[in-house]
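Chains as they are written, first to last, in my numbering: chain Z, 873 to 1257; chain E, 873 to 1257.
There are 2 protein chains.
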Amino acid sequence: MLHTPHGSIETPFFCVVGTAGAVKGVTPDELRELDAGVLLANTYHLFLRPGADVVHQLGGLHRFMGWDGPIVTDSGGFQVFSLGSGIEHGVGKQIGMFPGDDTPDTGRRPRGQAARLVRIDADGATFTSHIDGSRQRLTPESSIATQEALGADIILAFDEPTSPLHDAEYTREAMDRTHRWALRCLSARTREGQSLYGIVQGGAFDELRSASARFIGSLPFDGAAIGGSLGRSKADMHAVLDWSFAQLPEAWPRHLLGIGEPEDLFSCVARGVDQFDCVAPTRLGRHGQLYTPSGKLLVTRPEFAEDAAPIDAECGCYTCRTGFSRGYLRHLFAANELLGYTLASVHNLHFILDLMRKIRAAVRGDYLGELQTEFLSRYVGGAAR
Amino acid sequence: MLHTPHGSIETPFFCVVGTAGAVKGVTPDELRELDAGVLLANTYHLFLRPGADVVHQLGGLHRFMGWDGPIVTDSGGFQVFSLGSGIEHGVGKQIGMFPGDDTPDTGRRPRGQAARLVRIDADGATFTSHIDGSRQRLTPESSIATQEALGADIILAFDEPTSPLHDAEYTREAMDRTHRWALRCLSARTREGQSLYGIVQGGAFDELRSASARFIGSLPFDGAAIGGSLGRSKADMHAVLDWSFAQLPEAWPRHLLGIGEPEDLFSCVARGVDQFDCVAPTRLGRHGQLYTPSGKLLVTRPEFAEDAAPIDAECGCYTCRTGFSRGYLRHLFAANELLGYTLASVHNLHFILDLMRKIRAAVRGDYLGELQTEFLSRYVGGAAR
């Protein structure tokens, strides 16, 4: 159980992502009906718009969003740096790119990627807003101040994540900076009642991950998040988790940032992950990709035009329970009807939250391996039908 | 009370518009919580996509949309003809215009408006799909067949509406055609359990409206709808209603097509309108224009950025009751968050449905005039604050 000022949550759990202070297309009432325990909002987005002061003025993030359950905010690090290396490396979330920005290449980053959109210094990062092209700055101190103003239950230290394309040398440099920033984040805290998690970096390098987990684990954080590069394969990701968790305090909750496709949950829980967050259920939903026990179903395909069956006859979500047909959903997507995004997102969120419930029961009942075998024997995650 | 195969409804009532078989951004569950009695879907849109056969195949419109209350479909006439004269005259709903269509001007229409997108003949209308530019055709018979396949509780005769810019001569011509088509619609019916309403045309010409209402009222329809031009002012609209209703059978339910701003409801109910439909609540909502007892509030305005108040503290809708602030709603619109469209649409629908409930009580209690005076003394419909 994880205890927060907005309720206690059984682990492991999946945080539903509400990037800009709203889960796309889904109301808090619908989230409550889905039994979504915890939401995660992005500091980067709220910092830029409407601004943490505005959210604070409007009563803090819980009141702002109409959510009285626990909320996590990330530190902004991932988004700030994915504007730079993420875009330049062609990996990670691509938030937006404003060619108007002409910050000169500082030469600090490897392989010639121009730091056009983000510039790092020892003190923090200067970056270009994807909204209006303005220059903005976040430091460990301002990230913590922002997250304190937002008022989430769990906040994260400001870090510099690296991508799979960064070499060991640069990954170590970024890790060292993340460690110095971790100390500054701890010093910058002024508020009671918020948990602060440190972030373990070090890419997919055993030595670096272990060192980072040892260092972060030695500090007075309330938990840890695993950030940055998880390598290039599932095996790499599992190794990263093993290296990290071997060094972290037993009692700490562990958040694996940005991961949460159905097939990932089992192996990561088995390795000790307590918290996930992922935009996949809502993002895939908005593109008509629907989770089913036998894999993803792309409901926009012509073959579903006259299909009177629900997405999944066994599913208990609002969309399936009401009996909305695949044909109707396909029609909604073809007509760009907002209702399609809602019905698909509700279904996908139910799928993943329900899977987490089954996984929790399996952990308690000690049959996680059996559940995984059974689930994966039917589920083919890669290919949409 | 109006009795339909999907329940009985107290009149007067407001039909929530679900153009393409979905109320934009609002789930059937939310509609039920709003106590939305009756939905109206557009035959034109469903005829083009996904096709009435597909809707029929998927169980008919009620099953398709997940709505077990009464549904009205219009005949397609309004949309077909607003593609022609509506666009050419710059009035009415502008659905879309495909310059690729090069149907020659047939010379049948007055004032030189080229019938590029719609061509009328004695038998029906040929028009260009706003979706894919294909040529399509609707006749009285095919409109009825389409509406029978869709399966709404109340269906409408196929008509040719005229705009305020049509002269008396053309308006008479279109009215005569509408009357001939009304007879054909009655003959084309094959299905029990659907009410068929005739449509009164005749523009804002006393003689024509009276003649049309007399003719339509003499036929074995189950009710009447008032279509076409309602003139250029509220006074014109009221005269059109008076001329029409003087000639219609006392017992018939009367639907005023496409009207339903708050300030219109009182005077139209006083004149005998039983049914309204209007896209305004959801369309205005999607643009951040929110109904309040003191007029429309444009929540996207900068002054609301830090406004912690709900849209209307007295309002009982989900959006206001939950306490979502004007500042939050403004943020959702600024960030193009889907949730903003939903919360605003739910609020506006609640406002108009609640006003209709108050109007029904006032009609029963014989104080409609007092309610109107009280409402209009506060409500300024024209200008958004």
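The C-beta atom is built at its ideal place from N, Cα and C for all residues, glycine as well.
Subject >> Proximity of Z:T1214 and E:T899 at Cβ, strictly below 8 angstroms >> reply: Counting from one through the first sequence, the residue named residue 1214 of chain Z turns up at place 342. Counting from one through the second sequence, the residue named residue 899 of chain E turns up at place 27. It is a contact, given that the beta carbons lie within the stated cut-off.
Subject >> 8 angstroms contact criterion, which Z:A1181 and Z:R1198 should meet: CB distance rounded >> reply: Counted from its first residue, the first sequence places residue 1181 of chain Z at position 309. Counted from its first residue, the first sequence places residue 1198 of chain Z at position 326. Indeed they touch by this definition, with Cβ atoms about 6 angstroms apart.
Subject >> E:F1093 (DSSP reduced to helix, strand or coil) >> reply: Here residue 1093 of chain E refers to the residue found at position 221 when the second sequence is read from its first residue. Reduced to three states, the DSSP call for E:F1093 is coil.
**OP:** Can you tell me the Cβ-Cβ gap for Z:F886 and Z:M1109, rounded? I've got them flagged as a contact below 8 angstroms.
**Re:** Taking the first residue of the first sequence as position 1, residue 886 of chain Z is located at position 14. Taking the first residue of the first sequence as position 1, residue 1109 of chain Z is located at position 237. At roughly 17 angstroms, the Cβ-Cβ gap does not stay under 8 angstroms, so Z:F886 and Z:M1109 are not in contact.
Original post:
If you drop the 5 nearest sequence neighbours on each side, which residues of the same chain put their C-beta closer than 6 angstroms to that of E:I1027?
Top reply: Stepping through the second sequence from its first residue, residue 1027 of chain E is reached at position 155. Only T945, Q1019, Q1066 and L1068 meet the Cβ criterion.
**OP:** Could you name the residues of chain E that Z:R921 contacts, counting a contact when the two beta carbons are closer than 8 angstroms?
**Re:** Locating residue 921 of chain Z in the first sequence gives position 49, counting from the first residue. Within 8 angstroms Cβ-Cβ: H1203, A1206 and A1207.
Subject >> Proximity test, Cβ basis, 8 angstroms: E:G1241 and chain Z >> reply: The residue given as residue 1241 of chain E occupies position 369 in the second sequence. So no, E:G1241 is outside the interface.
Subject >> Cβ shell of E:D1184 (< 6 angstroms), same chain only, five flanking positions each side left out >> reply: In the second sequence, residue 1184 of chain E corresponds to position 312, counting from 1. Here the set comprises T1164 and C1192.
Subject >> Best match in Z:D1179, Z:A1118, Z:Q951 and Z:A1216 for proximity to Z:Q1161 [C-alpha to C-alpha] >> reply: Reading the first sequence from its first residue, position 289 is the one you call residue 1161 of chain Z. It is Z:A1216.
Subject >> Touching by the beta-carbon criterion (3+ pairs, under 8 angstroms), the segment 1075-1082 of chain E and the segment 1049-1058 of chain E >> reply: no
**OP:** Taking only beta-carbon positions, decide if Z:E1175 is within less than 8 angstroms of chain E.
**Re:** Here residue 1175 of chain Z corresponds to residue number 303 of the first sequence, with the count starting at 1. Not closer than 8 angstroms to any Cβ of chain E, the Cβ of Z:E1175 fails to qualify, so no.
Subject >> For Z:E1041 and Z:F953, believed in contact at Cβ under 8 angstroms, the rounded distance >> reply: Translated into positions along the first sequence, residue 953 of chain Z becomes position 81. Translated into positions along the first sequence, residue 1041 of chain Z becomes position 169. Rounded, the Cβ-Cβ distance is 17 angstroms, inconsistent with contact.
Original post:
Can you tell me the Cα-Cα spacing of E:Y916 and Z:F1205, whole angstroms?
Top reply: Here residue 916 of chain E refers to the residue found at position 44 when the second sequence is read from its first residue. Here residue 1205 of chain Z refers to the residue found at position 333 when the first sequence is read from its first residue. Distance between the alpha carbons of E:Y916 and Z:F1205 is about 18 angstroms.
Original post:
Buried or exposed: which applies to Z:R1007, given that a residue is buried once 16 or more other Cβ atoms fall within 10 Å of its Cβ?
Top reply: Sequence index remark: in the first sequence, residue 1007 of chain Z carries index 135 (1-based). Z:R1007 is exposed by the Cβ-count criterion.
Original post:
What three-state label does DSSP hand Z:D1149 in the structure shown?
Top reply: Start at 1 with the first residue of the first sequence, and residue 1149 of chain Z comes out as number 277. If DSSP states are grouped into helix, strand and coil, Z:D1149 belongs with the strands.
Subject >> First and last residue of the uninterrupted alpha helix (DSSP H) at E:T1043 >> reply: Taking the second sequence and counting its residues from 1, one reaches residue 1043 of chain E at position 171. Per DSSP, E:T1043 belongs to the alpha helix (DSSP H) from A1040 to A1060.
Original post:
Residues of chain Z with CB under 8 angstroms from E:S1001, in chain order?
Top reply: In the second sequence, counting from the first residue as 1, residue 1001 of chain E sits at position 129. Ordered by position in chain Z, no residue passes the 8 angstroms Cβ test against E:S1001, which lies about 13 angstroms from the chain.
Original post:
Which residues of chain Z have a Cβ atom closer than 7 angstroms to the Cβ of E:D1108, listed in chain order?
Top reply: Taking the first residue of the second sequence as 1, we reach residue 1108 of chain E at position 236. By Cβ distance, chain Z contributes nothing, its closest Cβ being about 35 angstroms from E:D1108, past 7 angstroms.
Subject >> Rounded straight-line distance, which links the Cα of E:V1141 to that of Z:E1135 >> reply: Taking the first sequence and counting its residues from 1, one reaches residue 1135 of chain Z at position 263. Taking the second sequence and counting its residues from 1, one reaches residue 1141 of chain E at position 269. Answer to the nearest angstrom: the Cα atoms are 59 angstroms apart.
Subject >> Environment of Z:A1021 [buried if 16+ CB atoms lie within 10 Å] >> reply: Stepping through the first sequence from its first residue, residue 1021 of chain Z is reached at position 149. Buried.
Subject >> Z:H1127 and Z:D1146 closer than 8 angstroms at C-beta >> reply: In the first sequence, residue 1127 of chain Z corresponds to position 255, counting from 1. In the first sequence, residue 1146 of chain Z corresponds to position 274, counting from 1. In this structure, Z:D1146 lies closer than 8 angstroms to Z:H1127 by Cβ.
Original post:
How many angstroms separate the CA atom of E:G1130 from the CA atom of Z:E1246?
Top reply: Sequence index remark: in the second sequence, residue 1130 of chain E carries index 258 (1-based). Sequence index remark: in the first sequence, residue 1246 of chain Z carries index 374 (1-based). So the two alpha carbons sit approximately 54 angstroms from each other.
Original post:
What residue range is occupied by the uninterrupted alpha helix (DSSP H) comprising Z:L955?
Top reply: The sequence position of residue 955 of chain Z within the first sequence is 83, counting from 1. No alpha helix (DSSP H) contains Z:L955, which DSSP labels as neither H nor E.
Subject >> Residue range of the unbroken beta strand (DSSP E) whose run includes E:Y1200 >> reply: Here the question's residue 1200 of chain E lines up with position 328 in the second sequence. E:Y1200 -> not in any beta strand (DSSP E); alpha helix (DSSP H) instead, spanning R1198 to A1206.
Original post:
If you measure beta-carbon to beta-carbon, which residues of the segment 1211-1245 of chain E are closer than 7 angstroms to chain Z?
Top reply: L1211, Y1213 and T1214
**OP:** Taking only beta-carbon positions, decide if Z:Q929 is within less than 8 angstroms of chain E.
**Re:** By one-based count along the first sequence, residue 929 of chain Z stands at place 57. Interface residue, yes.
Original post:
So is Z:P1153 in contact with chain E if we call contact Cβ pairs under 8 angstroms?
Top reply: To locate residue 1153 of chain Z, count along the first sequence from 1; it is residue 281. No, Z:P1153 does not count as interfacial toward chain E.
**OP:** Note down, in chain order, each residue of its chain lying with its Cβ closer than 8 angstroms to the Cβ of E:R999, except the 5 sequence neighbours on either side.
**Re:** Residue mapping note: residue 999 of chain E aligns to position 127 of the second sequence, counting from 1. The amino acid at residue 999 of chain E is misidentified as Arg; the sequence shows Phe. Result list for E:F999: V952, L955, G956, L989, V990, R991, R1007, Q1008, R1009 and L1010, in chain order.
**OP:** Compute the beta-carbon to beta-carbon distance between Z:V910 and Z:G941, rounded to the nearest angstrom, for a pair I have assumed lies under 8 angstroms.
**Re:** For the purposes of this step, residue 910 of chain Z is identified with residue 38 of the first sequence, where counting begins at 1. For the purposes of this step, residue 941 of chain Z is identified with residue 69 of the first sequence, where counting begins at 1. That belief holds up - the Cβ atoms of Z:V910 and Z:G941 are roughly 6 angstroms apart, short of 8 angstroms.
Original post:
If we cut at 8 angstroms on Cβ distances, does E:A1263 have a partner in chain Z?
Top reply: Limits of chain E in this structure are 873 at one end and 1257 at the other, which puts residue 1263 of chain E out of reach.
Original post:
Alpha carbon to alpha carbon, what distance is there between E:H1222 and Z:S1090?
Top reply: Stepping through the first sequence from its first residue, residue 1090 of chain Z is reached at position 218. Stepping through the second sequence from its first residue, residue 1222 of chain E is reached at position 350. The straight-line gap from Cα to Cα measures roughly 55 angstroms.
Subject >> Candidates Z:S1101, Z:R1063, Z:P1092 and Z:A997, of which the one nearest Z:T1043 by Cα >> reply: Reading the first sequence from its first residue, position 171 is the one you call residue 1043 of chain Z. With distances taken between Cα atoms, Z:T1043 lies closest to Z:S1101.
Original post:
Should E:Q1073 and E:G1103 be called a contact, given that it needs their Cβ atoms to be closer than 8 angstroms?
Top reply: Locating residue 1073 of chain E in the second sequence gives position 201, where the first residue counts as 1. Locating residue 1103 of chain E in the second sequence gives position 231, where the first residue counts as 1. No.
Original post:
In whole angstroms, what separates the C-alpha of E:E1209 from that of E:R1086?
Top reply: Taking the second sequence and counting its residues from 1, one reaches residue 1209 of chain E at position 337. Taking the second sequence and counting its residues from 1, one reaches residue 1086 of chain E at position 214. For E:E1209 and E:R1086, the distance between alpha carbons rounds to 50 angstroms.
Original post:
Within 8 angstroms (strictly less), CB to CB, does E:T1194 reach chain Z?
Top reply: Against the second sequence, residue 1194 of chain E aligns to sequence position 322. Chain Z contact via Cβ: present.
Original post:
Leaving out five residues before and five after Z:S1015 in sequence, what residues of the same chain have Cβ atoms less than 6 angstroms from its Cβ?
Top reply: Reading the first sequence from its first residue, position 143 is the one you call residue 1015 of chain Z. Same-chain partners within the cutoff: S947, G948 and F1030.
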